[in-house]
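Here's the structure, in structure tokens; my notes come after.
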Amino acid sequence: MSAFQNEARKPVLVLYPAEKFGETALASIRLIPTATSLFNISKLNMQRNNIRALNRAADATPMYNSSILEDMVLEENSKFVSSTFHEWKELGEALILLKVWARQRSSIYSHDCVSGYLLSTILAYLATVSGKNRVSKSMNTIQICRHTLDFIGMQCFATFCRVH
Numbered sequence: 038m039s040a041f042q043n044e045a046r047k048p049v050l051v052l053y054p055a056e057k058f059g060e061t062a063l064a065s066i067r068l069i070p071t072a073t074s075l076f077n078i079s080k081l082n083m084q085r086n087n088i089r090a091l092n093r094a095a096d097a098t099p100m101y102n103s104s105i106l107e108d109m110v111l112e113e114n115s116k117f118v119s120s121t122f123h124e125w126k127e128l129g130e131a132l133i134l135l136k137v138w139a140r141q142r143s144s145i146y147s148h149d150c151v152s153g154y155l156l157s158t159i160l161a162y163l164a165t166v167s168g169k170n171r172v173s174k175s176m177n178t179i180q181i182c183r184h185t186l187d188f189i190g191m192q193c194f195a196t197f198c199r200v201h
């Protein structure tokens, strides 16, 4: 057993196929459970409360909602990110630099914080029309990093996640 993005609430079954008992496997297979149609997407709005507790106010649960939504669209997002990064060397290099940046701030492996997966989806989004093509193939690695950090810095994430 393992955890997806080091989050204990997202189990991953890791299989190590070996030809003979006791032999070390050369590869592993990761089975990641996803529930593509279990919840109504409109109920996962960031302003909704989806955790009911006795004697507590019905505050919004954006982290819980986004975690469920992430699980529901994991395969689609993976294909989207892969197709965006395919044959775009500078985008991949920018992702590495952004992961180093996040790691230096000790947030990349913290629970409910910036992860490599989140950084890759932000980069892929910024390269789309809905992301206003803030990142383009004419940019070099440093320019892509700067635009991504500008985007992260200008968003109002403070209400949805902790800032370190």
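In terms of our numbering, the sequence shown opens at residue 38 and continues consecutively.
Think of the CB as a built atom: it goes at the ideal place given N, C-alpha and C, for glycine as much as any other residue.
Counting C-beta pairs closer than 8 Å gives fewer than three between the region 82-94 and the region 59-67, which falls short of the contact rule. Under DSSP, ALA40 shares a beta bridge with PRO48. Secondary-structure assignment with DSSP links ILE69 through no beta bridge to anything. By the Cβ test, the region 41-55 is not in contact with the region 71-79, since fewer than three Cβ pairs between them sit closer than 8 Å. Rounded to the nearest whole angstrom, the C-alpha separation of SER39 and ARG183 is 34 Å. Here PHE58 is exposed. Its C-beta has fewer than 16 other C-beta atoms within 10 Å. Excluding sequence positions up to five before and after TYR101, its CB lies within less than 7 Å of the CB of ASN87 and ILE88, all in the same chain and listed in chain order.
Residue state for PRO99 is assigned as helix, using DSSP reduced to three classes. LEU163 sits away from VAL151, with the two beta carbons spaced by 8 Å or more. Per the coordinates, the alpha-carbon of PHE117 lies some 27 Å from the alpha-carbon of SER143. Within the model, the alpha-carbon separation for GLN141 versus LEU132 is close to 14 Å.
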